[in-house]
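What follows is a set of notes on a single structure, which appears directly below.
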Amino acid sequence: MTEDILGAMKENVIQGRITKDDEGLEDEMTGQPGVKELVQEALDNNYEPRTILDTITDAMTIVGDKFESKEFFIPDMLAAAETVGVAMEMLDPLLAQSGIEPKGKVFLATVKGDLHDIGKNIVAILLRGNGYIVNDLGNDISAETIANAIKEEKPMVVGLSALLTSTMGNMKGVIEVLKEAGVRDQVKVVIGGAPITEEFANNIGADGYGADGFDAVRVVTSLVG
Ligand code: B12
Numbered sequence: 040m041t042e043d044i045l046g047a048m049k050e051n052v053i054q055g056r057i058t059k060d061d062e063g064l065e066d067e068m069t070g071q072p073g074v075k076e077l078v079q080e081a082l083d084n085n086y087e088p089r090t091i092l093d094t095i096t097d098a099m100t101i102v103g104d105k106f107e108s109k110e111f112f113i114p115d116m117l118a119a120a121e122t123v124g125v126a127m128e129m130l131d132p133l134l135a136q137s138g139i140e141p142k143g144k145v146f147l148a149t150v151k152g153d154l155h156d157i158g159k160n161i162v163a164i165l166l167r168g169n170g171y172i173v174n175d176l177g178n179d180i181s182a183e184t185i186a187n188a189i190k191e192e193k194p195m196v197v198g199l200s201a202l203l204t205s206t207m208g209n210m211k212g213v214i215e216v217l218k219e220a221g222v223r224d225q226v227k228v229v230i231g232g233a234p235i236t237e238e239f240a241n242n243i244g245a246d247g248y249g250a251d252g253f254d255a256v257r258v259v260t261s262l263v264g
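Per our numbering, the very first residue in the sequence shown carries number 40; after that it's consecutive.
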């Protein structure tokens with residue numbers, strides 16, 4: 040099993056198998072290690088948490104492609120998402136280094152109408168691991184809720200996530216509401232999510248864009264540093 044732990048991990052995320060007891064798409068899967076056992080195996084074999092995260096992210100891209108081509112349906116996306124949650128719980132303590140002076144406060148939210156939170160949760164883990172205090176406001180969060188939270192707690196950065204082309208426009212709405220509430224100048228706005236590009240970030244007047252969790256840390260650090 041050690042030869043291709045990452046390949047097996049990817050396949051098991053796609054199949055939504057958390058443990059060895061779960062069924063897979065083929066009959067002989069039951070009894071084979073699931074994502075939980077494979078992540079543990081990878082850690083035992085000194086694989087970097089970052090490599091494991093990249094593998095999981097690749098797997099979710101394939102899940103998305105299968106959904107688009109109608110090979111997969113919503114329960115399949117949910118099952119895959121659940122395996123990622125389990126893997127992230129295992130990686131969280133390793134990615135969060137202790138004893139670092141807090142570098143600043145960051146708020147995160149997935150915008151109104153959007154329930155996708157895996158990417159945002161990864162960004163939260165990596166920012167925490169790099170010494171930021173992160174207040175995760177959750178998903179499906181209105182611009183007004185975000186503006187009020189900023190008024191009250193004055194974070195240095197707010198990170199917005201959107202995974203749907205139908206909700207990415209709500210990021211512009213958040214920036215407008217921040218202006219109306221008189222707090223736009225007090226906070227840097229960083230955005231991300233699969234459909235987001237640097238160009239889109241520039242067009243809506245965001246301060247930064249992160250392509251993935253590691254890029255999110257880089258851009259936040261460049262803005263507050
Ligand atoms: C899992 C999933 C779901 C799960 C979400 C579970 C959850 N708890 O998040 C469920 C089943 C709920 C779901 C529902 C839907 N989904 Co969906 N989903 C996905 C899927 C397969 C994976 C998303 C994911 O977790 N990726 C892995 C993470 C790690 O990547 P990520 O989110 O991109 O995040 C990284 C970067 O983008 C970045 N990042 C993310 N946020 C932020 C924020 C900041 C500040 C920064 C700097 C960086 C950053 O860093 C992250 C870490 O590296 C995608 C496919 C895809 N390719 O994205 C479809 C996908 C996003 N879904 C899609 C659709 C259509 C839907 C539904 C509309 C389906 C339906 N008909 O009901 C609903 C919408 C529900 C809603 N209102 O939100 C489409 C969107 C198409 C479009 N053009 O908008 C996709 C692309 C699938 C497809 N190819 O068709 N979905």
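We put the beta carbon where it would ideally sit given N, CA and C, even for glycine.
Which of the three DSSP states is assigned to residue i in this structure?
i	result
V226	coil
S200	strand
F146	strand
D175	strand
I180	strand
G208	coil
G231	strand
Compute every distance between the C-beta of residue i and the non-hydrogen atoms of the ligand B12, then say whether any falls below 6 angstroms.
i	result
G73	no
I53	no
V256	no
A233	yes
L117	yes
G158	yes
M129	no
T204	yes
T228	Residue identity differs from the one stated: residue 228 is Val in this sequence, not Thr. No.
F112	no
E107	yes
If we count the other Cβ atoms within 10 Å of its Cβ and call it buried at 16 or more, is residue i buried or exposed?
i	result
L154	exposed
K218	exposed
D175	buried
Give me the Cβ distance between residue i and residue j, rounded to the nearest whole Å; I'm assuming they're in contact under 8 angstroms.
i	j	result
A255	G198	7 angstroms
I'd like to confirm something about residue i: is its beta-carbon nearer than 6 angstroms to some heavy atom of the ligand HEM, or not?
i	result
T184	Here the bound small molecules are the ligand B12; the ligand HEM is not part of this structure.
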